[in-house]
Amino acid sequence: MPEQILIIDNNTTSLRKLREVLSKEGFGIITVTDKASAENILRKMNINYIVGEVGLLGLTNFENGEIK
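The sequence shown: position 61 = 60 (numbering that gives the first Met the number 0), numbered continuously.
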């Protein structure tokens, strides 16, 4: 199974372009446009990487490589 990337962005054009580029590199891509959808995916799936807008997610602190 390829490594999974969750992409969070409210710009559907950006999502489409990122999906195209990263899927060509062999990654499994999941895209969402809001924080609630991202949280739902993270509860249900094993995600290796997250790419997205920090502000969209309401995140303010990054510590020791973990989002808190």
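Quick reminder that beta carbons are idealized off the backbone N, C-alpha and C, glycines included.
Residue closest to residue i, alpha-carbon to alpha-carbon, out of the options
i	options	result
I49	A37, V20, R42	A37
G27	D8, M44, E52	M44
S22	T12, L41, G54, E2	E2
R15	L41, T32, G25	T32
L5	E19, S13, N47	N47
I7	N39, K34, R42	K34
DSSP-derived helix/strand/coil call for residue i
i	result
I46	coil
T32	coil
G25	coil
Exposure label - residue i; buried when at least 16 CB within 10 Å
i	result
T12	exposed
G51	buried
Close Cβ partners of residue i (< 7 angstroms) along its chain, the five nearest in sequence each way excluded
i	result
N39	none
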